[in-house]
Structure formats: structure tokens, C-alpha cells
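Each protein sequence line maps, in turn, to chains H and W. Going by my numbering, the letters in the first sequence line up with residues 1 to 287, in that order. Going by my numbering, the letters in the second sequence line up with residues 1001 to 1394, in that order. Here the structure comes first, spelled out in C-alpha cells, and everything after it is commentary.
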Amino acid sequence: MDITLFLFQLMNGVQYGLLLFLIASGLTLVFGVMGILNLAHGSMYMVGAYLAWYFTNTTGSFGMAAVISVIIALLLGILIERTLIIRLYRRNHLDQVLLTIGLIFVFNALQSLLWGNDPLGVAVPAWLDGAIPLTDMIEYPVYRLFVSGLCILIAIGMYLTINRTRLGMLIRAGESNRDMVECLGVDINRLYTLVFAAGVALAAIAGIVSAPMVSVVPGMGEHVLISCFVVVVIGGMGSIKGAFVGALMVGIVDTFSSIMLPQVSSMMIYILMAVVLLIRPKGLFAN
Amino acid sequence: MHNNKNRLRKLVTACATAGLIGTIVTTAANAAEPVKVGVMLPFSGVYAALGDAGRNGLKLALQQNAAQLHGREIEFLELDTEAKPERAPELASSLLDKDKADFIIGPVHSGVAMGMSKVLRNKDAIMIIPNAGAAAATGPLCAPNVFRTSFSSWQPSYPMGKVALDAGYKKVVTMSWNYGMGKESLDAFEESFTAGGGEIVKKILVPFPKTEFQPYITDIAATAPDAVFVFFAGGGAVKFVKDYNALGLNDKIPLLGAGFLTEGTLEAQGEAAEGILTTLHYADNLDNPANHKFRQDYASSFGKPADIYAVQGYDAGLLIAQAINTLGGDISDRKALIKAMEESTIDSPRGKFTFSKAHNPIQDIYLRKVVNGENQVLSIAAQALEDPARGCKL
């Protein structure tokens, strides 16, 4: 493998990793702060992609569709938290698993009913529809660079919010001791609603920006969910920083193993996970 | 929006009708026994769209040809396979033993076909496969009571080898998911391509159902072959074609494929699919009366254009109707039924076809090119192509 090809594949890996981070960050955030494992997180990714498709077709603008879809996702997050998740806080993990698996079925059925089962596609918005020639054979699509840039911005935004703002302080406090935060007069319920809605929105944003790159199909959420779990476990459940590092590792390992070890490539990210867990049983950055 | 309303309306109607049928069935139990048609297709999951289309086609054919049924009613027994092979034997047994189905139509997925075939081979029910192309189904596992109205995996891909050679391509990279249908398709292409002097410089098998294709496509670009031949279908086909175009390879390395690459996916693929060459036993704009009528009726009945999966389901329906007609409505003698089916000529939207000894269609394969979002027929890539049915002793 010559150096150009190596760099190119590295770019592929980083780009895939950044997108994985965007999806996994919401999952790990909700788990870290609220102790809720949301198995329907992948469904939120799917909902984002379908909303983006629907509103791109009705409004004619992908940018507009993205804004509307994010707002709907936030509202959906609030609704789910207020009506369903709220009943889980004092219950065990099995109940959480049952409820959130149930939600997967509900969202799959709604998707089939509302939007049908045909694979759908969203066109890349015209102002991002270019490509940068890298070699005489390959060019890199501007839209994919844009998505990577957006993922990095969101990562920085999350880092600053959690480490530099009052809200972030509450989130960090809520992670370590819920009761104490409540005793200090903070409305923890509102905090939880906010965090859950943010988690849903992050998954939906990932779905929205993916829509022009992938096919919008039934079951798309379940596929990403598994990779997300690997990312979150490698990074340490609940750690945003861990999710970032884990996602990049998974993206890069997956990309290079696809090319260099095709026979075992489907196992590689799990082997990576096993190795990380052997060295650090709670993941890289567990709290 | 209009579509959504229709769906909801259909759902409500379906619920209401279910109640109605319940009452009819109990009161009319003494009338002539209906012909029981079991349907085993995926109505949920990744292949749900294919299952829907197959069912629609099947019902349309039996509805249009009600006159051929000699007064026999058709009772549909629908089971969702979810495209899960592990569920297939149980569902097939239930249709066979509990419901005593006369015909069992299914499935879409080749793995499910193997599970069904295990249970149904040489049994009383007639199995008609309206999609799954696994070579074994009409190869080593062929049986008198198993028919296929779609294709064998070999058929759509084999003719492309010659097309590639005629275009002057010498070195080709092949790529697919690492599963039965994908591997069989690549092998079929390789068979005719290397026989004519071509060389497969690289064969890429992607773990199923992974759709992160970018690293592989980068690798193809580095290999710089004359052309690329792929098998992908459904959502994976959309993703592959988009990725291939996004990395700018469309203009540089021609993309060839088995026709599924651009079936039911063109709208989602958009511009990225323009110019792709594929081979398949059907194309939307085939100019024959059966196709015109079929496409018109399908669109007005179901509110969307027909695709290859609808055609194959439709032909399964035609096969049933014709066999019942030949036998004057009495299908209790299974040997006579099988003989009638073997001898039938189906006037399909894809053009007339007959059955091989192994019960697979002997059919024309068309070379198609995507132009303005449509699969347009360029020529017939192979006339009356019969699957070699390797391993079948019929």
C-alpha cells in the first residue's frame, strides 16, 4: 500500500469514525447522566434520516429539512422522556431493555406505515455537491468532508458545554450523584428531559446528515446500533471523550481491516473491543 | 401525503375486512373447498418492499384471471418470513401440515428458500419460488413439486461476461456481499468472462450486510481495472452506487452489474445511477402487450410502478391460474397438476417463457442501461437462456 492510498484510507476511516461518534455520543450521554440504556437509539437515527427525506421532498431544501427534523427530534425526545422513560428511573435495567426494545418495534412499524418499505434516497444539496480531485483516479466528495467537519464541531461543542458551562456542571454532577444534586435544589427532572432530548437529537442529526450518503431503508437503525455499542463499550460507558476515541478507533480499524484482512474484517472491531476490555475492563475512559 | 392516507385507509379497510371474512368463512364452510395459497414472503425488515411487491403481483394475476379458476375461490394464508432463514422450516411446516395448503409461494431470500425446500420437497403442496435465486433450489435440491418463476442466480449474471468482453474489457474487479446469491452471481460472471479470455484481477467479498463500501471502492480505484462487476440489491445497491459515484469513479471505470443493482432503487440512487449497464430477465419498458397491460393495471391497483419482484409474483399467479384452468378446476391429482405446470407457457410481462426440466424459467436476458432514471433495453444479451441446473436429477 503506497502512501497516497494509505492516507486516503485513513481519511475514509476517520470520516466513518466521526459519524459513528455522532451517533454514539447521544447513547453514551444518556447512559452516563441518566443511567438509561436506550436500545431505541438506532431508531432515532432512522427517524432522522426518514424525516430528512420527507421534508427535503416537501420543502425542496435539505437545509430547511434538517432544521425542521432536528426540532421534531427534540420534541420527540421530550415526549418519550416525559411519557415513558420517566417511569424507568427507579426500576431495574431489565425493564429499561424491555421498554426500549418495544420502542424499536413501534418505530419500525410507524416507519413502514408512514413511509413504506422502498429504499429512499436524498440528493446531496447543490451547494455541497462538488468533489475535490485527489489523484487522477479518485476524488473526495465535498459533502463528506462537510459532514466530518460538522461532527468535529459538534464534538467541540459538547466538550465545551460539558466542561465550561453551568449546564455542563449540572450534567457532570448528575452523573456522579443524582440525590445530592436534587438536595441542592436543582430540578433534576428538567435536566433529565433535556439530556434525553439532546441524545435523541444527536442520533437524529446523524441520521439527517447520513441521508444523502446512504440509502434510507427499513432496519437502518439496527445496523448502526451494534457498531455504536462497540464504540461505547470501548470508550467506557457514559464517557463522551471515550466515545470520541472509541469511534475513531473503530472507524480506522474497520477501514483498514476491510482492505488488509478481508477474511476476518467483520470480526476485527469485536476483537479490538475484547483487547481493550482485557486491558481496561471498564473501557478506556470509564468514570 | 396522499400515499400515507392511502396506507392508513388500506390498514383500516384491511382490519374491517378481516372481521368480515371471519363471518363469511364460518357461514360458507359448506361451499366448494377454496384453493389454499400459502404466501411466505418478508413483510417486515430489509426485504419488506420485495415481499409487498411479490404479494401484489400474485394477487393481481389471480384477480385478472378469476375466469380461469372454474369457480374455485382462492384463500390466501400469509406468513411474514422476516427474511429470517431460521424461521422458514417452522412456517413452511405449518402451511403444509396444519393448513393443508395447495400452493406455497415464497420466498424472497435464498437462505429462507433452503429452509422451505428442506420441508416441502417431495411433499403434497406445490412450492413456487417468486424470487430467491439460490442455484441449489433448482439444482441439487430440485424436486417435482418445486417450481421457480424468477431466475437462478446464474441466469442474470452469466450473459454479462460476454457483454464485458464485447466492450473490450480485459481486466475486471468483481464485488459483492459474502453470501450465497452474491458469490453465485460473481461466479456466473467469471465463468463466461474468463472462458472468453478475460481476467478477474480482484474479487472483493464484503461481510453481509455491511454497507461501508468506501474503503473497498478506494481499493478498486487503486487497482484501476477496465470495469467493475457487482451484485448488490435493495438498500445496499443504493449505497454502493452512491458511494461509487461520490468517489468519482463513474466516469472513469464503467460499472456493470446483475440487474438487481438498479431494480426498485433508481429513484433513491438518482443521478448516481446514470449510465450503469446491467443484465436481467426484465426491464420496465419492454415493448410487449402483456407488459403494457401489467404495468398499467399494477399502477392503478397499488398506486406505484411495478418492478421485477412484482413481475415474478405475478407470474406465479399466472402459473397457478393456468394450471387450474388446464385441469378444469380439479387439482386434487398432484401428478396431473405438476404435469400441467411443467407444460405451461407463461405469457409474462418479461416475454413468454417455458420451464426447464428442473422447473426454472427458460428466458431471455436483456442488456439494460440506466438513462434518465429508467432501465432502458439495449439488446437481448442471451436468448432463451436455460440454467445448467447442475446436480439436478429430474
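Glycine included, C-beta positions come from ideal geometry on N, C-alpha and C.
Asked                                                                                                                          : Found
Cβ-Cβ separation, K1100 of chain W to K1036 of chain W (assumed contact under 8 Å), whole Å                                    : 7 Å
Any C-beta of chain W under 9 Å from that of T135 of chain H                                                                   : yes
Where the beta strand (DSSP E) through Q1383 of chain W begins and ends                                                        : E1374 to L1385
Cutoff 9 Å: E1271 of chain W Cβ touching any chain H Cβ                                                                        : yes
When W:A1358, W:G1235, W:G1133 and W:D1297 are compared against G1111 of chain W, the one with the closest alpha-carbon        : W:G1133
DSSP-derived helix/strand/coil call for V1228 of chain W                                                                       : strand
Span of the beta strand (DSSP E), counted from its first residue to its last, around L1280 of chain W                          : L1277 to L1280
Chain W within 9 Å of M367 of chain H, Cβ atoms only                                                                           : Because chain H in this structure spans residues 1 to 287, residue 367 of chain H falls outside the shown range and cannot be described.
Validate contact between the stretch 3-11 of chain H and the stretch 1217-1224 of chain W using beta carbons, cut 8 Å, 3 pairs : yes
Below-9 Å beta-carbon distance, F8 of chain H vs any chain W residue                                                           : yes
Start and end residues, beta strand (DSSP E) containing A1363 of chain W                                                       : Sequence check: residue 1363 of chain W is Gln here, not Ala. Unbroken beta strand (DSSP E) run through Q1363 of chain W: P1361 to V1371.
Spatial neighbours of G246 of chain H in its chain, beta-carbon cut-off 6 Å, leaving aside the 5 residues before and after     : V231, I234 and G235
Interface positions of the stretch 1293-1313 of chain W facing chain H (Cβ-Cβ less than 7 Å), listed along the chain           : none
Assigned secondary structure, K1171 of chain W (DSSP; H/G/I helix, E/B strand, else coil)                                      : strand
Unbroken beta strand (DSSP E) run spanning D1347 of chain W, endpoints                                                         : I1346 to S1348
Sequence-distant residues of the same chain with beta carbon closer than 8 Å to K1170 of chain W, five excluded per side       : G1197, G1198, E1199 and D1226
9 Å Cβ cutoff met for I1380 of chain W and Y1366 of chain W                                                                    : yes
Residue-chain proximity (S1176 of chain W, chain H), Cβ-Cβ < 9 Å                                                               : no
Which of helix, strand or coil DSSP assigns to I269 of chain H                                                                 : helix
Beta-carbon proximity list for G26 of chain H, same chain, < 6 Å, skipping 5 on both sides                                     : G199, L202 and A203
Own chain residues within Cβ distance below 6 Å of G1396 of chain W, not counting five before or after                         : Absent from the structure is residue 1396 of chain W, since the part of chain W shown begins at 1001 and ends at 1394.
Cα-Cα separation between P1289 of chain W and I68 of chain H, rounded to whole angstroms                                       : 46 Å
Cβ-Cβ separation, A1258 of chain W to L1277 of chain W (assumed contact under 8 Å), whole Å                                    : With a Cβ gap of about 11 Å, L1277 of chain W and A1258 of chain W do not count as contacting.
Buried/exposed call for I1024 of chain W, threshold 16 Cβ in 10 Å                                                              : Caution is warranted here: a pLDDT of 43 is assigned to I1024 of chain W, below 50, making its placement in the model unreliable, and the coordinate value is therefore given only provisionally. The residue is exposed, with fewer than 16 neighbouring Cβ atoms inside 10 Å.
Three-way DSSP call (helix, strand, coil) for F1043 of chain W in this model                                                   : coil
Identity of the residue in W:A1061, W:D1080 and W:F1076 nearest G1051 of chain W by Cα                                         : W:D1080
Same chain, Cβ closer than 8 Å to Q288 of chain H, five either side skipped, listed in chain order                             : No answer is possible for residue 288 of chain H: the residues shown for chain H start at 1 and end at 287.
Proximity winner among H:I188, H:I156, H:V209 and H:E139, relative to N1245 of chain W (alpha-carbon distances)                : H:E139
Any 3 or more C-beta pairs closer than 8 Å across the stretch 1056-1073 of chain W and the stretch 1296-1315 of chain W        : yes
Under 9 Å by beta carbon: chain W residues contacting Y159 of chain H                                                          : In chain order: nothing, as chain W lies at least about 26 Å away.
Continuous beta strand (DSSP E) stretch holding V1395 of chain W: start and end                                                : Shown here, chain W extends from 1001 to 1394; a query on residue 1395 of chain W therefore has no answer.
Burial state of A126 of chain H (16 or more Cβ within 10 Å)                                                                    : exposed
DSSP three-state assignment for E222 of chain H, whether helix, strand or coil                                                 : helix
Residues that M1127 of chain W bridges to, as DSSP identifies them                                                             : W:I1104 and W:V1146
L248 of chain H vs G17 of chain H beta-carbon contact at 9 Å                                                                   : yes
Cβ-based neighbour list, P1328 of chain W, same chain, cut-off 7 Å, excluding 5 preceding and 5 following                      : Pro is not the amino acid found at residue 1328 of chain W; the sequence shown has Gly there. Closer than 7 Å at the Cβ level, and outside the excluded window around G1328 of chain W, lie H1070.
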